[in-house]
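So for the sequence shown, this note's numbering puts the first residue at 478; every next one is plus one.
Backbone N, C-alpha and C fix where the C-beta goes; we use that ideal spot for every residue, glycine too.
A short write-up of the structure that comes next.
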Amino acid sequence: MARAPATAEDLEALETDVLAGFVLARAAAGLSDGTISSDVVHLEQT
478 MARAPATAED LEALETDVLA GFVLARAAAG LSDGTISSDV VHLEQT
């Protein structure tokens, strides 16, 4: 059975999950809050 196309809500939820994983990974690597915040801002602009 074919899967239905992703909705706008599905894509937004995926983006949130991926961004949260990115932030957690950067924090686990010991990067500072300022560095993580800067990285997130750059990602959100693209």
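Among the options, nearest to residue i - alpha-carbon criterion
i	options	result
Asp516	Val500, Ala490, Arg480 and Glu486	Val500
Gln522	Arg480, Asp510, Leu496 and Ala479	Leu496
Where residue i falls: helix, strand or coil (DSSP)
i	result
Ser509	coil
Arg503	helix
Contacting residues, own chain, Cβ-Cβ under 7 Å from residue i (five flanking each side not counted)
i	result
Ala504	Ile513
Leu491	none
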